[in-house]
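Counting with our numbering, you get residues 1429 to 2050 for the letters of the sequence shown. In this text, a Cβ means the ideal position worked out from N, Cα and C, and glycines have one as well. On a predicted model such as this, the values are computed, not experimentally measured, just so you know.
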Amino acid sequence: CETVVNCAGQWANKLGKMGGVTVPLISVEHQYLITEKIEGVTPDLPTLRDPDKLTYWKEDVGGLVMGGYEPNPIGWAEQGIPQDFVFQLLPENYEHFEQLMLPAVERVPALENAGIRKFINGPESFTPDGNFILGETPEVKNYFVGAGFNAFGIAAAGGAGKALAEWIIAGEPPMDLWVVDIRRFSGIHRDETWVRNRTLELYGKHYTLSWPHEEHESGRPLLTSPIYEKLKEQGASFGSKLGWERPNWFAPKGVDPSDIYSYGRQNWFPHVGEEHRAVREGVAVFDQSSFSKFRIIGIDAEKALSRICANNVAKPAGSLTYTQMLNSKGGIECDLTVARLADDEFYLVSGTAFRTHDAAWIRSQFLADENVELHDISEDWATFSLMGPLARDILSRVSKDDLDNENFHFGTCQKIEIEEEFSAEVPTVLALRVTYVGELGWELHMPRDSAENLYDALMEAGKDFSIANAGYRAIESLRLEKGYRAWGADITADTTPFEAGLGWAVKLNSGTGFTGRDALLAQRKQALQKQLVCFTIDDPDVVLLGRETIFRNGEIAGWLTSGGWGYTVNKNIGYGYLRNPEGVDSDYIYSGTYELEVAAVRHSCKLQHGPLYDPKMERVRQ
């Protein structure tokens, strides 16, 4: 058997375990009723949903199907599905269903006097993020999954089956399927208690309002940084990403570090502004220990990475390279930083959420006869980013090494020694002179057990400079001002470097072959059908989040991929793709008049040329 496709529904995880594969889903009791015929109900009756009353209806042979999603769902078969459970239903739970029945009658009064033809309680498979599971597993090559359809399997079946078949044939997804890709999960999803708790939370929120920046609460904390408790004491408000607790923002003394959700400016907005300004005007520390971190080792490491990476990584030890890894269509599969440590060793850094995806993609590209290995050290090493115009002043107090531009310039990495007066217990630190916020700074990578001492050293050395803690919401604002892209939003497997404005990071003219090169060569001969552009709106009462519709000359021309507020430029910033099947070139872009539709209201916006902040990279390279 060359290929296995696991479509075993609620049994998918049990079946997966037999082959060493994790399929994170659980069974949940899902109830609905079917009425007798009701006068006026016809086959063309639209499907009806009432999220406020947690219920849905659809026509069925002249009657109605009515079901819903309770806020207090009941998980089933926690100890495993019984061996003899085949084509069976569960006992009716009328008491539990009553919380749906009463509001359903309020919405559809005819239900009160309708006869009940059938009442059904059956187990249905649900997942920890509410999306179904599709694709090739990271554990076993040619083992595919299509499961966990969260009660919308009928609606998704045709598209999911087509996509899965094409994935099997081509060896890669036919389109950007990240939201359902099984590689969005990680080792934490082998914890069945965590999966159960998070899945039940998501089921209970099926019909609730989805707030901007909403964080889930169950199963936390799970993975934490070595300085988690210290940051908590200093007012950190944590979010969760792939099981990691990450500081989103810091509350000043006397302020509750809890999010208060709103569709307007939320309670953390002014505090994130202070963190943003600390980075732009002084210096701040970001705890980014949740980064995905990989060692690529072996005598064929350079050969393999040169074939996989779109940018040139065949550089001397001490070099840093920002690069994408592309699929056969030229789409961006990975977006990461590559540090060369030795002839046979590279260190790769990627985003928190992409740990499984990126490791699986890279391993899948290694050739059988290559002497090269990937080692995941994401949980073994910690990372602090020291960012701001005063970063060199502080790091020079802590380190014995010469950190001026001549000895440590942008786009390089070194191992630096820490002065014993600050911490005798911190060994050599791997320092990467790189930034995602548009300021002078270093990422500092070290073994987990020495991280707390290094953090203390940085904060002690930075007292005279008013060093601050800063979180991920400040990073988002800072990177939007600088125009840095985010994988999964601004760039995906469906976008090429040319479309995303990243052609400068592609070694297309080097003559070196790499995955996706042929597709890019072909695309270069044609007009691009979409391009990433930047818009701004001055009105602070407008809130951009991403997904807002772009109008060009009154016609829909695309949507935003990212949105937020720039505290330095004092504007709303939105990035999105202008789309036109006849081509998107400079004339098309700059000849248009643009609006963004925010909450059903169109707002005039300004098309911006290049990064809004430090377009010449002077601050980054100082």
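Exercise for review: Could you check the C-alpha separation between residue 1622 and residue 1737 for me, to the nearest Å?
Suggested key: 35 angstroms
Check your understanding: At what residues does the beta strand (DSSP E) containing residue 1455 begin and finish?
Key -> 1454 to 1463
Practice item. Evaluate contact between the segment 1970 to 1978 and the segment 2022 to 2034, counting only Cβ atoms and requiring at least three cross-stretch pairs below 8 angstroms. Key: With the cut-off at 8 angstroms, the segment 1970 to 1978 and the segment 2022 to 2034 touch.
Review point. Looking at the structure shown, is residue 1822 part of a helix, part of a strand, or coil, going by DSSP?
Key: helix
Review point. Apart from the five residues just before and just after residue 1976, which ones in its own chain have a Cβ nearer than 7 angstroms to its Cβ?
Key: 1987, 1988, 1991, 2002, 2024, 2025, 2026
Check your understanding: For residue 2030, is the classification buried or exposed, using 16 other Cβ atoms within 10 angstroms of its Cβ as the cut-off for buried?
Key -> exposed
Point to revise | Enclosing beta strand (DSSP E) for residue 1478 [first to last residue] | key: 1476 to 1478
Practice item. Quick one: grab the DSSP three-state call for residue 1487. Key: In this structure, residue 1487 counts as strand in the three-state DSSP scheme.
Review point. To which residues of the same chain is residue 1922 closer than 7 angstroms at the C-beta, ignoring the five residues directly before and after it?
Key: Its chain contains 1603, 1604, 1759 as the residues whose beta carbon lies nearer than 7 angstroms to that of residue 1922, once the 5 sequence neighbours on both sides are disregarded; these appear in chain order.
Practice item. Determine the contact status of residue 1731 and residue 1768, defining contact as a CB-CB distance below 9 angstroms. Key: Cβ atoms of residue 1731 and residue 1768: not closer than 9 angstroms.
Review point. Looking at the unbroken beta strand (DSSP E) that takes in residue 1898, where does it start and where does it end?
Key: 1896 to 1898
Exercise for review: Kindly indicate the opening and closing residues of the beta strand (DSSP E) around residue 1815.
Suggested key: 1809 to 1815
Point to revise | DSSP state of residue 1651 mapped onto helix, strand, coil | key: strand
Point to revise | Three-pair Cβ contact test at 8 angstroms for the segment 1554 to 1573 versus the segment 1589 to 1609 | key: yes
Check your understanding: Counting pairs of beta carbons, one from the segment 2003 to 2013 and one from the segment 1952 to 1961, are three or more of them closer than 8 angstroms?
Key -> Enough Cβ pairs lie closer than 8 angstroms, so yes.
**Study point:** Nearest-angstrom beta carbon gap, residue 1838 and residue 2048 [assumed within contact, 8 angstroms]
**Key:** 6 angstroms
Point to revise | Cβ pair residue 1899, residue 1625 closer than 9 angstroms | key: no
Review point. With which residues is residue 1558 paired in a DSSP beta bridge?
Key: DSSP, once it has assigned bridges, lists no residue as partnering residue 1558.
Point to revise | Status (buried if at least 16 other CB within 10 Å, exposed otherwise) for residue 1458 | key: buried
Check your understanding: Can you list, in chain order, the residues of its chain whose CB lies under 6 angstroms from that of residue 1798, leaving out five sequence neighbours each side?
Key -> Closer than 6 angstroms at the Cβ level, and outside the excluded window around residue 1798, lie 1728, 1732.
Practice item. Give the secondary structure of residue 1977 by DSSP, where H, G and I count as helix, E and B as strand, and everything else as coil. Key: strand
Exercise for review: Could you please give me the residues that DSSP links to residue 1893 through a beta bridge?
Suggested key: For residue 1893, which the question treats as bridged, DSSP gives no partner whatsoever.
Point to revise | Inter-residue spacing [alpha-carbon to alpha-carbon] between residue 1669 and residue 1857 | key: 25 angstroms
Exercise for review: Kindly list the residues whose CB is nearer than 6 angstroms to the CB of residue 1546, restricted to its own chain and excluding five residues on each side of it in sequence; keep chain order.
Suggested key: 1462
Review point. What residue from 1672, 1472, 1660 has the CA that sits closest to residue 1422's CA?
Key: Not covered by the structure: residue 1422. The range shown for the chain is 1429 to 2050.
Check your understanding: When the Cα of residue 1706 is compared with those of 1815, 1598, 2014, 1834, which residue comes out closest?
Key -> 1815
Check your understanding: Terminal residues of the continuous beta strand (DSSP E) containing residue 1802?
Key -> 1801 to 1804
Exercise for review: Taking 9 angstroms as the cut-off, decide whether the C-beta atoms of residue 1891 and residue 2041 are in contact.
Suggested key: No, these two residues do not count as a Cβ contact at 9 angstroms.
Practice item. Give me the Cα-Cα distance between residue 1494 and residue 1635, rounded to the nearest whole angstrom. Key: 15 angstroms
Check your understanding: Along the chain, which unbroken stretches of the beta strand (DSSP E) at least 3 residues long are found entirely within the segment 1700 to 1781?
Key -> If only uninterrupted beta strand (DSSP E) runs of at least 3 residues are considered, those enclosed by the segment 1700 to 1781 are 1712 to 1715, 1720 to 1725, 1748 to 1754, 1760 to 1770, 1773 to 1778.
Review point. Considering only the beta carbon of each residue, do residue 1776 and residue 1791 sit closer than 9 angstroms?
Key: no
Exercise for review: For residue 1677, write down the residues that DSSP places opposite it in a beta bridge.
Suggested key: Within the DSSP secondary-structure output, residue 1677 pairs in a beta bridge with 1665.
Check your understanding: Looking only at its own chain, which residues have a Cβ that is under 8 angstroms from the Cβ of residue 1956, when we skip the five neighbours before and after it?
Key -> Cβ neighbours of residue 1956 beyond the five flanking positions: 1926, 1927, 2011, 2012, 2013.
Check your understanding: What span of residues does the alpha helix (DSSP H) with residue 1525 cover, start to end?
Key -> 1522 to 1535
**Study point:** Minimum C-alpha distance to residue 1726 - residue among 1773, 1739, 1693
**Key:** When C-alpha distances from residue 1726 are compared across 1773, 1739, 1693, the shortest belongs to 1773.
Practice item. Could you check the C-alpha separation between residue 1787 and residue 1442 for me, to the nearest Å? Key: 24 angstroms
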